[in-house]
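For reference, the structure is listed below as C-alpha cells.
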Amino acid sequence: MHPEYGYYQKQNPFGAQGDFITAPEISQVFGELLGIFCADQWLRAGSPSPAIVVEMGPGRGTLMQDFLRGTRHVPGFHQAISVHLIEASAALTAAQKKKLQDSHPSLSWHKDIFDLPKQPMFFVANELCDALPIHQFEKTQQGWGERMVALDAEEALCFTLVPSALSERLNAQYPEAQTGEIIETSPASIQLIHHIADHLNHHGGAAALIDYGYDVPSFRSSLQAVKSHQYHSVLEDIGEADITAHVDFAALAEEAKRCRRAPQLITQAAFLKGLGVDMRLQQLLQKAENPEIVTSAVQRLIDPEQMGELFKVLLL
Ligand code: SAH
C-alpha cells in the first residue's frame, strides 16, 4: 500500500458516504459472533493465558469493538488476552485508536504480522485478502502471458500481455483453459496463510478469514474497482477507487494443508448460523427501536442471494 497515495490512506472509504459497506458496518452481530467464535476456541484450547487476539485490516475498528463488547462476560477471557491490530494505513490506525481506546486495557498496533508475541493466537480478518495484490495470467495461442499495466499511445494506463516464464507450469495446472481465459494468483495472500499456519502450529490457537471469493477458478478476471458504491474502471482515478479481486479460497486452503493444518471452508451464512445468529437476533429484537432495520441488516449477512453464500469463511 502506498504510504501517501494508497487508497486506504483516505479517511473514510466505508459506509453510506464512502465507497462500499462491509459486514461489521452492516450489523453488530458480525463482530459479536466472531468474538464468540474466538472465545469458544480459547475455551476449547484450555483457556491459555497469556494469549493474543489479532485482527488484520480492521478498517474503522467496528468489528473489534463489537467483538470485545460481546465477549466481556466470558470468564477470564479479557484478562488472558492482549489485543493486536495490524493495519497498514496511518489514517485508519488513528480512527481505530479513537474508537477502541476504552474497549480493552491492552491494545497495540502493528504495521505487519511479523512481530506478534509468540503466544496462542485467535486471529480474525474480514475483507482483507481481497485488498491484497494479485497477478493475472491470460492464455494465448502462443502460451500464457502475464497481464501488466503499461502506457498507451496517449500516455493513459492500459493492460498489456508479457510472455510468462510460468507458461509450461500453467499449461500443466490448467489444461482445460481456453484462449483468452484468465487465472489469478495472490502470492501475498498465500504468504499470509503460511505465516498464520506457522504461528498456530507453534503456539496454538485458531483463525477465521472472511471474504468474497471462489473455490473453483472461473477463468475470468475478478479484478474490480468500486467508487461511491458503483463499479469503476480499474485504471482510472488510481487511489480514489477501491480495487479488489475475488479471493481464491482453494489456493489458500491448499497452502494451509501444505502447512499441516486441516482448513475448513464454509459459507458466511453457515458460519454465522452455527454461532447462533438467529438467537442473537431474537435477543436484539426484544430491545430494538426499529426491528425491521435490525432484521434486514442481519438478513443481508446470511441471505444466500445477498452476502450469505458469496462470502466464505476459511477456518484454520
Ligand atoms: N475489516 C474491515 C475493513 C476491510 S477493508 C471491515 O470489514 O470493515 C481492508 C482493510 O485492510 C483496511 O483497514 C486496509 O487499510 C487494510 N489493509 C489493506 N492492506 C493491508 C496490509 N497489507 N496490511 C495490513 N492491513 C491492510
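First residue of the sequence shown: 52, per our numbering; consecutive thereafter.
Glycine included, C-beta positions come from ideal geometry on N, C-alpha and C.
Source: prediction; values computed, not measured.
Inset, instruction - With K363 as the anchor, note down where its beta strand (DSSP E) starts and where it stops. - result: The count along the sequence shown starts at 1 and reaches residue 363 at position 312. Counting along the chain, the beta strand (DSSP E) containing K363 begins and ends at F362 to L366.
Legend entry - Sheet register partners of A102 (DSSP bridge): If you number the sequence shown from 1, residue 102 lands on position 51. Paired residue(s): I132.
Inset, instruction - Classify V125 as helix, strand or coil using the three-state DSSP reduction. - result: The residue given as residue 125 occupies position 74 in the sequence shown. Note: V125 maps to coil in three-state DSSP.
Legend entry - Distance between T73 and R351 (C-alpha atoms, nearest Å): Translated into positions along the sequence shown, residue 351 becomes position 300. Translated into positions along the sequence shown, residue 73 becomes position 22. Whole-angstrom Cα-Cα distance: 11 Å.
Inset, instruction - Taking all protein chains shown into account, decide if C89 is buried (16 or more other Cβ within 10 angstroms of its Cβ) or exposed. - result: One-based indexing of the sequence shown puts residue 89 at position 38. Flag for C89 reads buried.
Inset, instruction - Measure the C-alpha to C-alpha separation of E76 and G82 and round it to an integer number of angstroms. - result: What you label residue 76 is simply residue 25 of the sequence shown in a count that begins at 1. What you label residue 82 is simply residue 31 of the sequence shown in a count that begins at 1. Going by the C-alpha atoms only, they are around 9 Å apart.
Inset, instruction - Helix, strand or coil for P238, going by three-state DSSP, please let me know. - result: Here residue 238 refers to the residue found at position 187 of the sequence shown. Here P238 sits in helix by DSSP.
Inset, instruction - Report the three-state DSSP secondary structure of A96 (helix, strand or coil). - result: Here residue 96 is taken as the residue at index 45 of the sequence shown, counted from 1. Secondary structure at A96: coil, using DSSP grouped into helix, strand and coil.
Legend entry - CA nearest to the CA of S368, picked from Q116, V125, G57 and F65: Residue numbering for the chain in the displayed model covers 52 to 367; residue 368 lies beyond these limits and cannot be assessed.
Legend entry - Secondary structure of A204, DSSP reduced to three states: Position 153 of the sequence shown holds residue 204. Note: A204 maps to coil in three-state DSSP.
Legend entry - K190 beta carbon less than 8 Å from that of A239: Position 188 of the sequence shown, counted from the start, is the residue given in the question as residue 239. Position 139 of the sequence shown, counted from the start, is the residue given in the question as residue 190. Not closer than 8 Å, so no.
Legend entry - Cβ neighbours of E306 in the same chain (closer than 7 Å, five flanking residues each side left out): Position 255 of the sequence shown, counting from 1, holds the residue named residue 306. Excluding positions up to five away in sequence, the list reads I241, I244 and H245.
Legend entry - Cβ neighbours of V371 in the same chain (closer than 8 Å, five flanking residues each side left out): Because the chain here runs from 52 to 367, residue 371 falls outside it and cannot be looked at.
Legend entry - Inter-stretch contact at 8 Å, needing at least 3 Cβ pairs: the segment 305 to 321 / the segment 273 to 280: no
Legend entry - N-terminal and C-terminal residue of the beta strand (DSSP E) that F174 is part of: Taking the sequence shown and counting its residues from 1, the one referred to as residue 174 is at position 123. Element bounds for F174: M172 to N177.
Legend entry - Beta-ladder partner(s) of I369, from DSSP: Because residue 369 is not part of the residues shown, which for the chain are 52 to 367, the question remains open.
Inset, instruction - With D262 as the anchor, note down where its beta strand (DSSP E) starts and where it stops. - result: Mapped onto the sequence shown, residue 262 falls at position 211. Where D262 is concerned, the enclosing beta strand (DSSP E) stretches over G256 to Y265.
Inset, instruction - Note down, in chain order, each residue of its chain lying with its Cβ closer than 8 Å to the Cβ of Y59, except the 5 sequence neighbours on either side. - result: The residue labelled residue 59 in the question sits at position 8 within the sequence shown. For Y59, where only same-chain residues beyond five positions count, the Cβ hits under 8 Å are M52, A139, S140, A142, L143 and A182.
Legend entry - Unbroken beta strand (DSSP E) run spanning Q281, endpoints: Residue numbering aside, residue 281 sits at position 230 when the sequence shown is read from its first letter. Q281 to H283 is the span of the beta strand (DSSP E), which, as asked, contains Q281.
Legend entry - Per-residue burial, L260 [other beta carbons within 10 Å of its own, 16 or more giving buried]: The count along the sequence shown starts at 1 and reaches residue 260 at position 209. Buried: at least 16 other Cβ atoms inside 10 Å.
Inset, instruction - Specify whether the segment 358 to 367 and the segment 94 to 103 touch according to this definition: at least 3 beta carbon pairs, one from each stretch, less than 8 Å apart. - result: no
Inset, instruction - Using the Cα positions of F71 and R311, report the straight-line distance between them to the nearest angstrom. - result: Reading the sequence shown from its first residue, position 20 is the one you call residue 71. Reading the sequence shown from its first residue, position 260 is the one you call residue 311. If I take the Cα positions, the gap works out to 36 Å.
Legend entry - Beta-carbon proximity check, G359 vs Q319, cutoff 8 Å: What you label residue 359 is simply residue 308 of the sequence shown in a count that begins at 1. What you label residue 319 is simply residue 268 of the sequence shown in a count that begins at 1. Their beta carbons are under 8 Å apart, which means G359 touches Q319 by this criterion.
Inset, instruction - Please report the residue range of the alpha helix (DSSP H) in which Q294 lies. - result: As a working mapping, residue 294 is identified with position 243 in the sequence shown. Per the sequence shown, the amino acid found at residue 294 is Ile instead of Gln. No alpha helix (DSSP H) contains I294, which is instead part of the beta strand (DSSP E) from D293 to T295.
Inset, instruction - Kindly indicate which residue of D203, P184, P214 and A102 has the alpha-carbon position closest to the one of W195. - result: Taking the first residue of the sequence shown as position 1, residue 195 is located at position 144. Comparing Cα-Cα distances from W195 to each of D203, P184, P214 and A102, the minimum goes to P214.
Legend entry - Sub-8 Å separation of Q170 and H254 beta-carbons: Position 119 of the sequence shown, counted from the first residue, corresponds to residue 170. Position 203 of the sequence shown, counted from the first residue, corresponds to residue 254. Going by C-beta atoms, Q170 is nearer than 8 Å to H254.
Inset, instruction - Tell me whether the beta-carbon of H155 lies closer than 8 Å to the beta-carbon of L119. - result: Mapped onto the sequence shown, residue 155 falls at position 104. Mapped onto the sequence shown, residue 119 falls at position 68. Between H155 and L119, the CB-CB gap stays under 8 Å.
Legend entry - Assigned exposure category for S157 - 16 Cβ within 10 Å defines buried: Here the question's residue 157 lines up with position 106 in the sequence shown. Under this definition S157 is an exposed residue.
Inset, instruction - Could you check which residue in A301, F174, L217 and P168 has the C-alpha nearest to that of G108? - result: In the sequence shown, counting from the first residue as 1, residue 108 sits at position 57. Taking only the C-alpha atoms, the option nearest G108 is F174.
Inset, instruction - Quick one: measure Cβ to Cβ for A276 and A296, integer angstroms, because I've assumed they're closer than 8 Å. - result: On the sequence shown, position 225 is the one that residue 276 refers to. On the sequence shown, position 245 is the one that residue 296 refers to. Rounded, the Cβ-Cβ distance is 10 Å, inconsistent with contact.
Legend entry - Opposing strand residues paired with L212 [DSSP bridges]: By one-based count along the sequence shown, residue 212 stands at place 161. In the DSSP output, where bridge partners are listed per residue, L212 has R198.
Inset, instruction - Could you check what DSSP says for A276 in three-state terms: helix, strand or coil? - result: On the sequence shown, position 225 is the one that residue 276 refers to. If DSSP states are grouped into helix, strand and coil, A276 belongs with the strands.
Inset, instruction - Give me the Cα-Cα distance between S133 and V267, rounded to the nearest whole angstrom. - result: Position 82 of the sequence shown, counting from 1, holds the residue named residue 133. Position 216 of the sequence shown, counting from 1, holds the residue named residue 267. Rounded to the nearest angstrom, the two C-alpha atoms are 37 Å apart.
Inset, instruction - Give a single yes or no on whether E206 has its beta carbon closer than 7 Å to a heavy atom of ligand 1. - result: Numbered from its first residue, the sequence shown carries residue 206 at position 155. No, ligand 1 has no heavy atom inside 7 Å of this Cβ.
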